[in-house]
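Worksheet for the structure shown next.
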Amino acid sequence: EGPVREGCRFCGGCMTGCRYNAKNTLDKNYLYLAMKKGAVIQAESEVIDVKPIAAPDGSEGYRVKWKTPTKFFRKSGVITSRGVIFAGGVLGTIPLLLKLRKSSLPDLSPALGYGIRTNSESLIGITTLDRKTVFSDGIAIGSILHTDSHSHIEPVRYASGSGFWRLMMSPLVHGSNVFTRVFKAFGTIMSHPIQNLKVFFVWDWAKRTQILLYMRTLDSTLRFSRGLLGMRSSMIKGKNPTPFVPEARELAHKYAELVKGEPIVLLTETVLGIPTTAHILGGAVMGKNSNEGVIDKNNRVFGYKNMYICDGSAICANPGVNPSLTITAISERAISLIPDKNSN
2 EGPVREGCRF CGGCMTGCRY NAKNTLDKNY LYLAMKKGAV IQAESEVIDV
52 KPIAAPDGSE GYRVKWKTPT KFFRKSGVIT SRGVIFAGGV LGTIPLLLKL
102 RKSSLPDLSP ALGYGIRTNS ESLIGITTLD RKTVFSDGIA IGSILHTDSH
152 SHIEPVRYAS GSGFWRLMMS PLVHGSNVFT RVFKAFGTIM SHPIQNLKVF
202 FVWDWAKRTQ ILLYMRTLDS TLRFSRGLLG MRSSMIKGKN PTPFVPEARE
252 LAHKYAELVK GEPIVLLTET VLGIPTTAHI LGGAVMGKNS NEGVIDKNNR
302 VFGYKNMYIC DGSAICANPG VNPSLTITAI SERAISLIPD KNSN
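Residue numbers for the sequence shown follow the numbering used here, beginning at 2 and rising by one.
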């Protein structure tokens, strides 16, 4: 039933954008099949309000207000529905629900925004100066190494020509404050200036760079809340998420020796000490009641009828690996439990 597809060419562009119609993306599976069943996909639209119709618990349906995000020629509208499923990812779903709890959906759980997790990740790049080495050929992620009982590391690649990230990179250094880190980074550059300049100006950065994605199941949680200047995060449980993981640094240096390269990280880590994650999770986690969670075991939102959350917001632990299949499985289960609209 699916669309015409092409086989994988192992170009490494799975995450930067498959150019050959081979990647299994939403528009080629779930959305494609939904459209064949009559669903209408309204792209480039941002939901700004979800308000119950008549009954305050939403049992009579909802009025969903939307607008286009473009500044000029902006459009807006209202859709009514019997039910609502939030699936905007943590950075889409949680800010919207936090705003709505103060207006249209006041009965949302007080646990909303709690249990934010980062998968305890560390992202480190290794750029080689060996012109014979090619990292960009293959699938984006094809292997995983279990370094201990709670940690994993995966080699990640980008397609040849995808070198934008180089503009935001700096040497891999650790330190307790910004002055120490900047001093160490400057010292690293000056110790081998020619070699370090080549790392940042190497021809076809993605072809010469391997990304190491380090993930852990060790638990630490944040809270997202609304502030005067937008979203705020604060520490709730465990240690603060940090980009300075000794084991990840050691593995990166060993890998760099093997490929005759230099380890690099995002500038935000070196200057601000802020970790980077590819997998932001939680914020609307499951619980036995509204005091413990935002949704129940079937992804139903406490306090409202026919309202569900089916994205990474529902994940309530650091899986320590890529969470996409976990999110998919939980979401598919939740949808399978919704009664057919023609049933009694």
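Even for Gly, the Cβ is constructed at its ideal location relative to N, Cα and C.
Using a Cβ-Cβ cut-off of 8 Å, state whether G116 counts as contacting chain B. Of the chains in the structure shown, none is chain B; there is only one protein chain.
Let's see if you can read the secondary structure: which residues bound the beta strand (DSSP E) around P264? In the sequence shown, residue 264 corresponds to position 263, counting from 1. Looking at the DSSP string, the run of the beta strand (DSSP E) that includes P264 is 262 to 267.
Where in the stretch 65 to 143 do unbroken runs of the beta strand (DSSP E), each at least 3 residues long, occur, reported from the N-terminal end onward? 77 to 82, 85 to 87, 123 to 129
E155 by DSSP, collapsed to three states: which one? Taking the first residue of the sequence shown as position 1, residue 155 is located at position 154. Of the three classes helix, strand and coil, the one that applies to E155 here is strand, per DSSP.
7 Å Cβ shell around G176 - same chain, five flanking residues per side excluded: The residue given as residue 176 occupies position 175 in the sequence shown. Excluding positions up to five away in sequence, the list reads R182, K185.
In whole angstroms, give me the CA-to-CA distance for G284 and I140. Looking up residue 284 in the sequence shown gives position 283. Looking up residue 140 in the sequence shown gives position 139. Their Cα atoms are separated by approximately 31 Å.
C-alpha gap between G262 and G188, whole angstroms: Mapped onto the sequence shown, residue 262 falls at position 261. Mapped onto the sequence shown, residue 188 falls at position 187. Each residue's Cα considered, the two are about 17 Å apart.
Could you work out which residue in D50, P70, L124, R118 is closest to L97 when comparing CA atoms only? For the purposes of this step, residue 97 is taken as the residue at position 96 of the sequence shown. With distances taken between Cα atoms, L97 lies closest to D50.
Can you name the start and end residues of the alpha helix (DSSP H) that Y31 belongs to? Here residue 31 refers to the residue found at position 30 of the sequence shown. Residues 31 to 37.
Let's test the definition: count the other Cβ atoms within 10 Å of the Cβ of M232 and tell me whether it reaches 16, buried, or not, exposed. Counted from its first residue, the sequence shown places residue 232 at position 231. Under this definition M232 is an exposed residue.
Collapsed DSSP secondary structure at R6 in the structure displayed: Counting from 1 along the sequence shown, the entry for residue 6 is found at position 5. It is coil, neither helix nor strand.
Output the residue ranges of the alpha helix (DSSP H) runs that lie fully inside the stretch 160 to 215 and measure 4 residues or longer, sorted by chain position. 179 to 192, 194 to 202
Alpha-carbon to alpha-carbon, V174 and R334: The sequence position of residue 334 within the sequence shown is 333, counting from 1. The sequence position of residue 174 within the sequence shown is 173, counting from 1. Using only the alpha carbons, I get a separation of about 43 Å.
Ends of the beta strand (DSSP E) at L223? Taking the first residue of the sequence shown as 1, we reach residue 223 at position 222. It spans 222 to 228 - the beta strand (DSSP E) in which L223 sits, taken as one unbroken run.
Suppose contacts are defined by Cβ-Cβ distances below 8 Å. Is G116 in contact with T277 by that definition? Reading the sequence shown from its first residue, position 115 is the one you call residue 116. Reading the sequence shown from its first residue, position 276 is the one you call residue 277. Result no, Cβ atoms of G116 and T277 do not sit closer than 8 Å.
Beta-bridge partners of S46, as assigned by DSSP: Here residue 46 corresponds to residue number 45 of the sequence shown, with the count starting at 1. According to DSSP, S46 bridges with nothing at all.
Look at F87 and T94 and say whether their C-beta atoms are less than 8 Å apart. Walking along the sequence shown from the start, residue 87 turns up at place 86. Walking along the sequence shown from the start, residue 94 turns up at place 93. In contact: F87 and T94 (Cβ atoms closer than 8 Å).
Taking L252 as the reference, give the member of V65, L273, F225, Y215 with the closest Cα. The count along the sequence shown starts at 1 and reaches residue 252 at position 251. The option with the nearest alpha carbon to L252 is Y215.
Taking the alpha-carbon positions, what's the Y63 to G84 distance? On the sequence shown, position 62 is the one that residue 63 refers to. On the sequence shown, position 83 is the one that residue 84 refers to. So the alpha carbons of these two residues sit roughly 7 Å apart.
Exposed unless 16 or more other CB atoms sit within 10 angstroms - verdict on W206: Translated into the one-based positions of the sequence shown, residue 206 becomes position 205. When all chains shown are included, W206 counts as buried.
Bounding residues of the beta strand (DSSP E) (the contiguous stretch that carries I237): On the sequence shown, residue 237 is found 236 positions in, with the first residue counted as 1. Run containing I237: 231 to 238, per the beta strand (DSSP E) assignment.
For K358, the three-state DSSP class (helix, strand or coil): This structure gives no information on residue 358, because the portion of the chain shown stretches from 2 to 345.
Helix, strand or coil at L1 [DSSP, three-state]: This structure does not reach residue 1, given that the chain is present from 2 up to 345, and the question cannot be answered.
Does DSSP put T271 in a helix, in a strand, or in coil? The residue given as residue 271 occupies position 270 in the sequence shown. Here T271 sits in helix by DSSP.
Beta-carbon spacing of N120, P324 below 8 Å: The residue labelled residue 120 in the question sits at position 119 within the sequence shown. The residue labelled residue 324 in the question sits at position 323 within the sequence shown. Against a cut-off of 8 Å, the Cβ pair of P324 and N120 comes out as a contact.
Check the DSSP bridge columns for I296 and list the partner residues they point to. The residue labelled residue 296 in the question sits at position 295 within the sequence shown. DSSP output for I296 lists M287, V302 as bridge partner(s).
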